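Taken in order, these protein sequences are the chains called E and R.
Going by my numbering, the first residue of the first sequence is number 1, and it counts up by one from there.
Going by my numbering, the first residue of the second sequence is number 1, and it counts up by one from there.
Remarks on the structure that follows.
Protein chains: 2
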Amino acid sequence: MGVLKPTLLNEIKFDADGLVPAIAQQFDTGEVLMMAWMNADSIAETLRSGRVCYWSRSRQRLWRKGETSGQVQALKELRLDCDGDTILLQVDQTGVACHTGRRNCFYRAVRGGDLVTIAEVEAEPGELYGAKD
Amino acid sequence: MGVLKPTLLNEIKFDADGLVPAIAQQFDTGEVLMMAWMNADSIAETLRSGRVCYWSRSRQRLWRKGETSGQVQALKELRLDCDGDTILLQVDQTGVACHTGRRNCFYRAVRGGDLVTIAEVEAEPGELYGAKD
Numbered sequence: 001m002g003v004l005k006p007t008l009l010n011e012i013k014f015d016a017d018g019l020v021p022a023i024a025q026q027f028d029t030g031e032v033l034m035m036a037w038m039n040a041d042s043i044a045e046t047l048r049s050g051r052v053c054y055w056s057r058s059r060q061r062l063w064r065k066g067e068t069s070g071q072v073q074a075l076k077e078l079r080l081d082c083d084g085d086t087i088l089l090q091v092d093q094t095g096v097a098c099h100t101g102r103r104n105c106f107y108r109a110v111r112g113g114d115l116v117t118i119a120e121v122e123a124e125p126g127e128l129y130g131a132k133d
Numbered sequence: 001m002g003v004l005k006p007t008l009l010n011e012i013k014f015d016a017d018g019l020v021p022a023i024a025q026q027f028d029t030g031e032v033l034m035m036a037w038m039n040a041d042s043i044a045e046t047l048r049s050g051r052v053c054y055w056s057r058s059r060q061r062l063w064r065k066g067e068t069s070g071q072v073q074a075l076k077e078l079r080l081d082c083d084g085d086t087i088l089l090q091v092d093q094t095g096v097a098c099h100t101g102r103r104n105c106f107y108r109a110v111r112g113g114d115l116v117t118i119a120e121v122e123a124e125p126g127e128l129y130g131a132k133d
């Protein structure tokens, strides 16, 4: 992985808060794991380290995914969309991506007009986290 | 498809502009096609019609995907994430999702430290659009 070059940084359209949404996708299965936010620093660190680092809006600090739980995301490729305002992270997810202990965060679906849970908890959150990851 | 029930609407955390990001994924291949924004009206219409309708932030109006180009997205399933602030749309994309004529919008990748184009134009934008879709 290289460092963040101006060519990439210049192509990213950050919002008023300096953030851009980033979708994490399991690189080999195509499973969409989660969506979170990145700033320039977290993008640079992600490219430098090869481990995904987001920006936590609630905690207002860099959020090294898995820093508490060990459920890290190894970066396979960082992609940018046509408008430069969304990032797609192709990753290799260790364990579960969701803080609820499910493999991905999109475990509720509209079926028959109701919102139903479609995925089971695979890891006990209490064993993974001291705090929400 | 049913109508938008309060149970779903109540679970969605819209931002200050009344919007929520929505990821569109090809339901059978897992390809992430694009990310756009929805408001309550566009979600209700999408569930009612079975065709994906976004909210265009630039045009400030409902954006029925494919209304100009014919490159529509048939809804297979609408999913909501753990925090209720991101939607995953599993769709069947007709033709190409990206206004550049590429199958998906994430056609630029960081490789060797540079941002490179990794997907070809499959449909001529001039033939698809009078205006950007």
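All residues carry an ideal CB built from backbone N, CA and C; glycine is no exception.
Computed from a prediction, not measured in an experiment: that's the story for all the values here.
6 Å CB neighbourhood of R:Cys105 in its chain, flanking five on each side removed: Leaving aside the five residues that flank R:Cys105 on each side, the residues in its chain whose CB is nearer than 6 Å to its CB run, in chain order, Met34 and Cys98.
With the cut-off set at 8 Å, would you say E:Leu89 and R:Val110 are in Cβ contact? no
Helix, strand or coil at R:Ser42 [DSSP, three-state]: R:Ser42: helix per DSSP, three-state reduction.
Restricting to Cα atoms, I'd like to know which of R:Gly70, R:Gly112 and R:Gly126 is closest to E:Arg79. R:Gly112
Are there three or more Cβ pairs, one per stretch, closer than 8 Å when the segment 63-81 of chain R is compared with the segment 42-62 of chain E? no
Contact with chain R by E:Thr48, beta-carbon distance below 8 Å: Inspection of the sequence shows that residue 48 of chain E is occupied by Arg rather than by Thr. E:Arg48 does not count as touching chain R.
At a Cβ cut of 9 Å, what residues of the segment 104-118 of chain E count as close to chain R, listed as they run along the chain? Asn104, Cys105, Phe106, Tyr107, Arg108, Ala109, Val110, Arg111, Gly112, Gly113, Asp114, Leu115 and Ile118
Could you work out which residues of chain R lie near E:Arg79, taking near to mean beta carbons separated by less than 7 Å? Phe106, Arg108 and Ala109
Classify R:Thr86 as buried or exposed, calling it buried when 16 or more other Cβ atoms lie within 10 Å of its own Cβ. buried
Determine, using beta carbons only, whether E:Gly95 and E:Val121 come nearer to each other than 8 Å. no
For E:Gly18, count the other beta carbons within 10 Å of its own beta carbon; 16 or more makes it buried, fewer makes it exposed. Which is it? exposed
Return the chain-ordered list of same chain residues with a C-beta closer than 7 Å to the C-beta of R:Glu11, the five sequence neighbours on each side being excluded. Cβ within range, chain order: Leu80 and Gly84.
What does E:Leu8 reach in chain R if we use C-beta pairs closer than 7 Å? Val110 and Leu115
Using a C-beta cutoff of 8 Å, does E:Met38 count as contacting chain R? no
Which of helix, strand or coil does DSSP assign to E:Ser148? Chain E is shown only over 1 to 133; residue 148 of chain E falls outside these bounds and no answer can be derived.
Give the straight-line distance between the Cα atoms of R:Leu115 and E:Thr7, rounded to the nearest whole angstrom. 7 Å
Quick one, which of E:Ala22, E:Ala119 and E:Tyr107 has its alpha-carbon nearest E:Ile43's? Closest by alpha carbon: E:Ala22.
Note down, in chain order, every chain E residue with its Cβ under 7 Å from the Cβ of R:Pro21. Pro21 and Met35
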